[in-house]
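Participant: Mind looking over this structure? Questions follow.
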Amino acid sequence: MAAVHGDVHGHEHDDHHPSGIMRWITTTNHKDIGTMYLWFSFAMFLVGGTLAMGIRAELYQPGIQILEPELFNQFTTLHGLIMVFGAIMPAFVGFANWQVPLMIGAPDMAFARMNNWSFWLLPVAATLLVSSFFVPGGAAAGGWTFYPPLSTQGGLGVDLMIFSVHILGASSIMGSINIITTILNMRAPGMTLMKMPLFVWTWLITAYLLVLVMPVLAGVVTMLLTDRHFGTSFFNAAGGGDPVMFQHIFWFFGHPEVYIMILPSFGIVSEVIPTFSRKPLFGYSSMVYATASIAILSCVVWAHHMFTAGMPTVGQLFFMYATMLIAVPTGVKVFNWTATMWRGSMSFETPMLFAIGFIFLFVIGGFSGVICAIVPIDIQVQDTYYVIAHFHYVLVSGSLFALFAGAYYWIPKWTGRMYNETLGKWHFWLSMFFFNLTFFVQHFLGLAGMPRRIPDYNLQFADFNMISSIGAFGFGSTQLLFLYIMINCIRSGEKAPQKPWDGATTLEWTHLPTPAPYHSFEKPPVVN
Amino acid sequence: MHNQDTQKKGSASIWQIAKAVMFAFMGIRKKSDLENDAATLTPAQVIIGGIIGAVLFVLGVMFVVRLVVS
Numbered sequence: 001m002a003a004v005h006g007d008v009h010g011h012e013h014d015d016h017h018p019s020g021i022m023r024w025i026t027t028t029n030h031k032d033i034g035t036m037y038l039w040f041s042f043a044m045f046l047v048g049g050t051l052a053m054g055i056r057a058e059l060y061q062p063g064i065q066i067l068e069p070e071l072f073n074q075f076t077t078l079h080g081l082i083m084v085f086g087a088i089m090p091a092f093v094g095f096a097n098w099q100v101p102l103m104i105g106a107p108d109m110a111f112a113r114m115n116n117w118s119f120w121l122l123p124v125a126a127t128l129l130v131s132s133f134f135v136p137g138g139a140a141a142g143g144w145t146f147y148p149p150l151s152t153q154g155g156l157g158v159d160l161m162i163f164s165v166h167i168l169g170a171s172s173i174m175g176s177i178n179i180i181t182t183i184l185n186m187r188a189p190g191m192t193l194m195k196m197p198l199f200v201w202t203w204l205i206t207a208y209l210l211v212l213v214m215p216v217l218a219g220v221v222t223m224l225l226t227d228r229h230f231g232t233s234f235f236n237a238a239g240g241g242d243p244v245m246f247q248h249i250f251w252f253f254g255h256p257e258v259y260i261m262i263l264p265s266f267g268i269v270s271e272v273i274p275t276f277s278r279k280p281l282f283g284y285s286s287m288v289y290a291t292a293s294i295a296i297l298s299c300v301v302w303a304h305h306m307f308t309a310g311m312p313t314v315g316q317l318f319f320m321y322a323t324m325l326i327a328v329p330t331g332v333k334v335f336n337w338t339a340t341m342w343r344g345s346m347s348f349e350t351p352m353l354f355a356i357g358f359i360f361l362f363v364i365g366g367f368s369g370v371i372c373a374i375v376p377i378d379i380q381v382q383d384t385y386y387v388i389a390h391f392h393y394v395l396v397s398g399s400l401f402a403l404f405a406g407a408y409y410w411i412p413k414w415t416g417r418m419y420n421e422t423l424g425k426w427h428f429w430l431s432m433f434f435f436n437l438t439f440f441v442q443h444f445l446g447l448a449g450m451p452r453r454i455p456d457y458n459l460q461f462a463d464f465n466m467i468s469s470i471g472a473f474g475f476g477s478t479q480l481l482f483l484y485i486m487i488n489c490i491r492s493g494e495k496a497p498q499k500p501w502d503g504a505t506t507l508e509w510t511h512l513p514t515p516a517p518y519h520s521f522e523k524p525p526v527v528n
Numbered sequence: 529m530h531n532q533d534t535q536k537k538g539s540a541s542i543w544q545i546a547k548a549v550m551f552a553f554m555g556i557r558k559k560s561d562l563e564n565d566a567a568t569l570t571p572a573q574v575i576i577g578g579i580i581g582a583v584l585f586v587l588g589v590m591f592v593v594r595l596v597v598s
């Protein structure tokens with residue numbers, strides 16, 4: 001079965017690609033581009049994380065100690081924007097670049113040059129975003145959701161943010177078109193849609209969601225730009241506009257965006273759990289159907305972010321019911337993962353630990369989401385730390401933990417070397433401990449009424465904030481351990497066998513040597 | 529596309545499409561039914577069925593809401 005035609009064909013081409021910096025600037029190879037996406041997103045993760053450390057340092061004690069309120073608001077805004085658009089989304093595109101062609105038996109992505117372009121737009125956008133701290137007036141400070149009127153009143157930093165979002169959106173749309181075309185047109189013979197690995201399925205559906213909602217985001221930031229500079233009044237009540245319309249348009253993008261960040265995580269976890277349970281995924285077809293269902297439902301629930309913005313009761317009830325119904329297909333997924341592990345021959349290497357950690361903590365985030373969906377409760381917890389706790393349980397212990405699981409799972413295939421298992425387990429347990437220390441207590445802060453986006457707070461919130469800050473510093477430092485583990489693996493890890501995980505069944509493990517050759521699947525494999 | 533079961537593609541009845549879409553909304557499907565779906569449904573049928581299903585879902589929730597507030 002181990003036909004290794006990929007590397008046989010690959011060697012002759014390997015000698016021809018440019019070396020040094022030009023290799024990376026001009027590359028059209030999906031593996032190179034995937035690697036760049038992953039390093040870029042990790043760099044942005046460190047930048048966004050540094051901002052988070054600043055936020056938590058300020059909140060360590062009541063009173064203003066380190067950051068002036070204006071700068072604090074810039075930190076919270078840029079932390080959100082950088083983590084969402086600079087870290088989590090590009091990281092998943094990096095995984096897609098590496099894994100989609102390998103998992104469907106394709107030689108590369110469908111539009112290889114566009115792939116290069118989609119990546120190289122990112123550093124430009126990131127530069128705009130980060131440099132906005134140094135322009136007069138500082139960076140955007142109206143929150144990552146940049147609601148008007150704050151965003152129409154802000155300084156040059158808001159314009160830089162708007163252009164940055166434009167560029168990031170263009171990059172995402174190009175990336176999605178590439179992924180959709182690759183999956184639909186370049187599968188190996190015999191790889192029917194319903195035989196595709198679940199990671200590929202979740203990315204196909206995510207890519208459609210991206211194509212659907214990214215233009216909406218581009219539209220709304222353009223309207224903001226024309227309101228700011230060209231005399232329009234889309235969101236200006238004095239000119240006949242409506243600031244609440246911004247919220248509707250933004251969240252029509254924003255809620256599917258949440259699923260854009262979680263569906264590929266579902267895909268990664270659906271690869272990792274069966275491998276380390278040594279059983280096929282329970283209910284594969286249900287997983288595909290549930291993913292499609294979640295994607296469709298995600299487009300009709302947006303106004304649950306706006307229950308306090310003013311809405312008729314029928315509107316509140318509609319969005320409350322629709323939101324709670326998403327728990328059904330999501331629950332199906334959680335049951336399927338659990339059923340996959342049931343009576344499996346399980347082992348607990350680092351990817352599996354992160355995948356199980358994902359299920360455990362994502363369920364907590366999911367439940368607090370259902371709680372937030374209930375209108376009377378949401379009216380109480382809106383804009384409090386309860387919401388902060390909720391979405392960090394979904395995005396950190398959800399998306400980020402899945403990214404870690406995927407990184408540990410596939411790093412042997414990418415580099416040909418094994419990571420240090422002991423350190424990997426340390427990374428998991430420290431992350432698990434410090435994550436919960438940081439964010440679990442924020443539920444209590446929120447329920448007690450502590451508002452989000454404030455640099456100072458009432459004395460009654462002091463203890464939990466101190467605990468949360470200690471957790472955050474621990475969590476931040478732990479991620480440096482991840483960086484060390486990865487560098488150590490790339491430079492001096494033990495040589496990895498072709499299939500280090502004996503439960504793995506997808507093409508990259510069964511049909512390719514380790515590390516995956518520079519050019520793989522020039523002749524498509526035949527899938528039975 | 530490399531589907532081998534092209535001979536019966538598109539032969540599904542409206543009820544079959546509706547059933548596939550309804551089960552998709554819940555996120556569950558028996559394996560034998562799925563294989564039957566994969567053999568008889570075309571992507572266009574599923575997409576159109578899904579859009580109609582989404583509209584019906586929205587109308588259904590709206591109906592329940594009206595019922596609750598009336």
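These protein sequences, in sequence, are chains X and R.
Numbering of the first sequence is given in my numbering, commencing with residue 1 and proceeding in unit increments.
Numbering of the second sequence is given in my numbering, commencing with residue 529 and proceeding in unit increments.
We put the beta carbon where it would ideally sit given N, CA and C, even for glycine.
With distances taken between CB atoms, is the gap from Cys489 (chain X) to Tyr419 (chain X) smaller than 8 Å?
Facilitator: Yes, Cβ-Cβ distance for Cys489 (chain X) and Tyr419 (chain X) is below 8 Å.
Participant: Quick one, which residues of the region 554-578 of chain R are near chain X if we go by CB-CB under 7 Å, in chain order?
Facilitator: If the cut-off is 7 Å between Cβ atoms, the region 554-578 of chain R has Met554, Gly555, Ile556, Arg557, Lys559, Leu562, Ala566, Gly578 near chain X.
Participant: Does chain R have any CB closer than 8 Å to the CB of Phe318 (chain X)?
Facilitator: It does: the Cβ of Phe318 (chain X) has a partner Cβ on chain R nearer than 8 Å.
Participant: Report the residue from X:Ser270, X:Ala327, X:Cys372, X:Pro312 whose alpha carbon sits nearest the alpha carbon of Thr340 (chain X).
Facilitator: Closest by alpha carbon: X:Ser270.
Participant: With 16 as the cutoff for other CB atoms within 10 Å, does His305 (chain X) come out buried or exposed?
Facilitator: Buried, by the Cβ-count rule.
Participant: Listed in chain order, which residues of the region 177-210 of chain X have Cβ atoms closer than 9 Å to some Cβ of chain R?
Facilitator: So the list reads Leu184, Asn185, Arg187, Ala188, Pro189, Gly190, Met191, Thr192, Leu193, Met194, given in the order they occur along the chain.
Participant: Just checking: is the beta-carbon of Tyr321 (chain X) within a distance shorter than 8 Å of some beta-carbon in chain R?
Facilitator: Closer than 8 Å to some Cβ of chain R, the Cβ of Tyr321 (chain X) qualifies, so yes.
Participant: Let me check understanding here. Comparing Cα to Cα, which of X:Pro329, X:Ser118, X:Gly169 lies closest to Val363 (chain X)?
Facilitator: Considering only alpha carbons, the answer is X:Pro329.
Participant: In whole angstroms, give me the CA-to-CA distance for Arg343 (chain X) and Pro280 (chain X).
Facilitator: Their Cα atoms are separated by approximately 12 Å.
Participant: Could you please tell me which residues of the region 300-313 of chain X, in chain order, have their CB closer than 8 Å to any CB of chain R?
Facilitator: Correct list: Val300, Thr313.
Participant: Tell me the rounded alpha-carbon separation between Gly315 (chain X) and Cys299 (chain X).
Facilitator: Rounded to whole angstroms, Gly315 (chain X) to Cys299 (chain X) spans 15 Å at the Cα level.
Participant: Less than 8 Å between the CB atoms is what I'm expecting for Gly94 (chain X) and Leu38 (chain X), so what's the real figure, rounded?
Facilitator: That belief holds up - the Cβ atoms of Gly94 (chain X) and Leu38 (chain X) are roughly 4 Å apart, short of 8 Å.
Participant: For the alpha helix (DSSP H) holding Leu512 (chain X), just list the boundary residues, first then last.
Facilitator: First-last for Leu512 (chain X): undefined, no H or E at that position.
Participant: I'd like to know whether the C-beta of Met550 (chain R) is nearer than 8 Å to at least one C-beta of chain X.
Facilitator: Judged by the 8 Å Cβ criterion, Met550 (chain R) is not in contact with chain X.
Participant: Helix, strand or coil, according to DSSP, for Thr291 (chain X) in the structure here?
Facilitator: Correct three-state label for Thr291 (chain X): helix.
Participant: Assign Gly578 (chain R) to one of two classes, buried (16 or more other C-beta atoms within 10 Å of its C-beta) or exposed (fewer than that).
Facilitator: When all chains shown are included, Gly578 (chain R) counts as buried.
Participant: In chain R, which residues lie less than 8 Å from Gly293 (chain X) when you measure between Cβ atoms?
Facilitator: The identity of residue 293 (chain X) in the sequence shown is Ser, whereas the question assumes Gly. Correct list: Ala552, Phe553, Met554, Gly555.
Participant: Does chain R have any CB closer than 8 Å to the CB of Ser286 (chain X)?
Facilitator: Cβ-Cβ to chain R under 8 Å: yes for Ser286 (chain X).
Participant: Under 8 Å, do Thr275 (chain X) and Trp120 (chain X) count as touching if we go by C-beta distance?
Facilitator: No, these two residues do not count as a Cβ contact at 8 Å.
Participant: According to DSSP, what are the bridge partners of Ala139 (chain X)?
Facilitator: Answer by DSSP bridge pairing, in chain order: X:Gly157.
Participant: Figure out for me which residue from X:Pro455, X:Ala373, X:Gln74 has the closest Cα to the Cα of Trp302 (chain X).
Facilitator: Checked all of X:Pro455, X:Ala373, X:Gln74; the closest Cα to Trp302 (chain X) is X:Ala373.
Participant: Please compile the residues from chain B whose C-beta is within a distance smaller than 8 Å of the C-beta of Ala546 (chain R).
Facilitator: Absent from the structure: chain B. Protein chains present are X and R.
Participant: With DSSP collapsed to three states, give me the class of Thr35 (chain X).
Facilitator: Here Thr35 (chain X) sits in helix by DSSP.
Participant: Check each candidate in X:Leu184, X:Phe146, X:Ile173, X:Thr415 and name the one with the smallest Cα separation from Pro571 (chain R).
Facilitator: When each option's Cα is compared against that of Pro571 (chain R), the closest is X:Leu184.
Participant: Classify Asn116 (chain X) as buried or exposed, calling it buried when 16 or more other Cβ atoms lie within 10 Å of its own Cβ.
Facilitator: Its Cβ being crowded by 16 or more others within 10 Å, Asn116 (chain X) is buried.
Participant: So Met450 (chain X) packs on Tyr385 (chain X), CB below 8 Å; how close in whole Å?
Facilitator: Rounded, the Cβ-Cβ distance is 5 Å, consistent with contact.
Participant: In terms of alpha-carbon separation, which member of X:Val394, X:Ala516, X:Pro243 lies closest to Gly34 (chain X)?
Facilitator: Of X:Val394, X:Ala516, X:Pro243, the residue nearest in Cα terms is X:Ala516.
Participant: If the criterion is Cβ atoms closer than 8 Å, does the pair Val527 (chain X) and Gly267 (chain X) meet it?
Facilitator: No.
Participant: Which class does Arg417 (chain X) belong to by DSSP, given the choice of helix, strand or coil?
Facilitator: The answer is strand: DSSP assigns Arg417 (chain X) an E or B state.
Participant: For Glu70 (chain X), count neighbouring C-beta atoms within 10 Å of its own C-beta (all shown protein chains included) and say buried if the count is 16 or more, exposed if not.
Facilitator: Answer is exposed; the Cβ neighbour count stays below 16.
Participant: With 8 Å set as the bound, which would you pick, yes or no: does the beta-carbon of Ala106 (chain X) sit closer than that to a beta-carbon of chain R?
Facilitator: No, no contact with chain R.
Participant: Please check the pair Leu361 (chain X) and Tyr393 (chain X), which I expect to be a contact at CB under 8 Å, by giving their CB distance rounded to whole angstroms.
Facilitator: That belief holds up - the Cβ atoms of Leu361 (chain X) and Tyr393 (chain X) are roughly 6 Å apart, short of 8 Å.
Participant: Write down the C-beta distance between Met53 (chain X) and Ala472 (chain X) rounded to the nearest angstrom, noting that I regard them as a contact closer than 8 Å.
Facilitator: Contact flag correct, Cβ pair sits at about 7 Å.
Participant: Please compile the residues from chain X whose C-beta is within a distance smaller than 9 Å of the C-beta of Ala582 (chain R).
Facilitator: Going along chain X in sequence order, the residues near Ala582 (chain R) (Cβ under 9 Å) are Ile296, Leu297, Cys299, Val300.
Participant: If you follow the alpha helix (DSSP H) that Lys547 (chain R) is in, where does it begin and where does it stop?
Facilitator: From DSSP, the alpha helix (DSSP H) with Lys547 (chain R) extends over 542-554.
Participant: Just how far apart, CA to CA, sit Thr338 (chain X) and Phe282 (chain X)?
Facilitator: Going by the C-alpha atoms only, they are around 9 Å apart.
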